[in-house]
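Protein chains in written order, with the working numbering: chain Y, -9 to 226; chain A, 248 to 438.
Reviewing the structure listed below.
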Amino acid sequence: MAETPTAFARHRAGTQPPYLYPDYGSTVKRAPTRPLIRLEHTLSEITGPSFATGWAGPAATDLTKQHEGEPLGERIIVTGRILDEDGRPIPRTLVELWQCNAAGRYHHPVDQHDAPLDPNFTGAGQAVTDDDGRYRFVTIKPGAYPWRNSPNAWRPAHLHFGVFGGGFVTRLITQMYFPGDPLLQYDPIYQSTADEAARERLIAAYDPNLSEPEWALGYEFDMVLRGRDATPFEVA
Amino acid sequence: MAAKLITTPGQTVGPFFALGLDRPEWADMTRHNPDGKRIVIEGEVRDGDGAPVPDALIELWQANAAGRYDHLHDEQADKKIDPNFHGYGRVATDAQGRFRVTTIKPGPVPGRGNTLQAPHVNVAFFARGLLRQLHTRIYFADEAANASDPLLAGIDDDSVRRTLIARRGDGGVYRFDFILQGKDETAFLDV
């Protein structure tokens, strides 16, 4: 019997959003109604895609240099580490970023918000973490924008992030918010996670040491993925 | 032991994910010409009203034709890694809520203890309206090993179990629908 690495730990209660959260109206017709079937982890769950540098194509970590001119907006540096819950960095994992422009408009045909597109800003980037689990992007601060979830609803400024981690079940797609945003208290997507400390994981920290003089504001945003369960399991 | 860090909550992929995540070439997992039998998995995604879901993202992870995952923690020495098969795929639904992915039939992989799992593709499923992903698996109707697969065998209700099994079509095409709510609701997994 060869001992394989242990299964991933389950999320602690309240630290992830529920599927059904009626304040976010779109969950009502899309959340599963049957209880999920619990699956103990096997090789299928503890393995997952790995992304050596270059697998995903050239890294595109500076979203302000993808066009001829500079995009409008407040230039920001967003950096952080991908960790598991035991604090272990996750190197060479893919980090994908997408966002709207400084006016609150996505470069996407479905977005009909009456705000200008910026010909110098697409809003998509990719990075692969270094040996210390760190990624770094240069971009512009996205704007808030209205949505039709409820009358006069506005999404707080946010970046969308996707990360993989060590196994297929550690996959995370999330959003990063900015400290002090008055819209957070009204946003059902942010508020959907019951645990306050878990919610606060979604808010980047302004760090003057990351800011670059005369050039860009710096934010630190770590993303923490599931760690390993304590008990090993065995396969033949 | 040091206190554990709190994990980052998921947040919905939203309606505009194609901007950052759309990589049409990743819907062809055979693009590097791997070993194995070419198959197509296609289907549609429908919500609780039976309406098509045009903003869903389906991610797939599977073993190669021999039944080995391309991952350092799969240490099955008797099965070869296929350098031309990474095992990860991604496809978004179109305006009619349909998707189509090309891959190879995975081999069986070991389960817990001395069990063997029937060939399957692992799925992480995202959409606007899902605050975090759902997980499920795609099995194949023409696999005798389904009868002894630990997950399938553990589901007593046949109407639930069959939502995990892709139906065989013509010419290596399998049909698998994601039904988010209702009578034929897809079985989703707590992983």
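Ideal Cβ placement from N, Cα and C applies to all residues, glycine included.
Predicted model, so just to flag it, every value in this text is computed and none were measured.
Item, Value
"Residues near D282/A by beta carbon distance below 6 Å, same chain, minus five either side", "A312 and D329"
"Alpha-carbon spacing of F425/A relative to E432/A, whole angstroms", "8 Å"
"Best match in V287/A, Q428/A, Q323/A and G295/A for proximity to F346/A [C-alpha to C-alpha]", "V287/A"
"Neighbouring residues, chain Y, relative to F435/A (Cβ below 7 Å)", "P22 and L26"
"H279/A: contacting residues in chain C (beta-carbon distance under 9 Å)", "Included in the structure are the protein chains Y and A, with no chain C among them."
"Contact with chain Y by Q380/A, beta-carbon distance below 8 Å", "yes"
"Cα-Cα separation between T129/Y and R65/Y, rounded to whole angstroms", "6 Å"
"For D437/A, the three-state DSSP class (helix, strand or coil)", "strand"
"Interface positions of the segment 151 to 166 of chain Y facing chain A (Cβ-Cβ less than 7 Å), listed along the chain", "G152, F158, V159, R161, L162, I163, T164 and Q165"
"Residue-level contact to chain A via CB, W88/Y, 8 Å cutoff", "yes"
"Min CB distance M213/Y to chain A below 8 Å", "yes"
"Endpoints, the alpha helix (DSSP H) within which Y9/Y is located", "That residue, Y9/Y, is in no alpha helix (DSSP H); it is neither H nor E in DSSP."
"T23/Y, buried or exposed, once every other Cβ within 10 Å from all chains shown has been counted against 16", "exposed"
"Delimiting residues of the beta strand (DSSP E) encompassing I72/Y", "R65 to D74"
"Rounded C-alpha distance that separates L268/A from G113/Y", "11 Å"
"Buried/exposed call for H304/A, threshold 16 Cβ in 10 Å", "Reading the sequence as shown, one finds Leu at residue 304/A and not His. With 16 or more other Cβ atoms within 10 Å, it is buried."
"Sequence-distant residues of its chain with Cβ nearer than 7 Å to D294/A (five each side left out)", "V300, L427 and Q428"
"For L215/Y and A226/Y, the rounded distance between their alpha carbons", "Only weak support exists for where A226/Y lies, its pLDDT of 45 falling under 50; the value from the coordinates is given anyway. Approximately 28 Å, taken between the alpha carbons."
"Outcome for G418/A when other beta-carbon atoms lying within 10 angstroms are tallied against a minimum of 16", "exposed"
"D101/Y at chain A interface by Cβ criterion, 8 Å", "yes"
"Residues that S40/Y contacts on chain A, provided the C-beta gap is smaller than 8 Å", "D317, H318 and L319"
"Interfacial residues, the segment 70 to 82 of chain Y to chain A, with Cβ spacing under 7 Å", "L73, E75, D76 and G77"
"Own chain, CB closer than 6 Å to A105/Y, minus 5 neighbours either side, in chain order", "A93, G94 and R95"
"Neighbour flag for G16/Y against chain A, beta carbons, 8 Å", "The sequence given here places Ser at residue 16/Y; Gly does not occur at that position. Judged by the 8 Å Cβ criterion, S16/Y is in contact with chain A."
"Near-chain Y residues of the segment 343 to 359 of chain A - C-beta to any C-beta below 9 Å", "V356, P357, G358 and R359"
"Which residues DSSP lists as bridging V420/A, in chain order", "V287/A"
"8 Å contact criterion, which S182/Y and P7/Y should meet: CB distance rounded", "4 Å"
"Amino acids of chain A, ordered along the chain, whose beta-carbon sits closer than 7 Å to that of S182/Y", "L378"
"Rounded separation between W205/Y and I67/Y - CA only", "10 Å"
"Endpoints, the beta strand (DSSP E) within which Y316/A is located", "Run containing Y316/A: none; DSSP gives neither H nor E here."
"D275/A to V370/A span [Cα, whole Å]", "15 Å"
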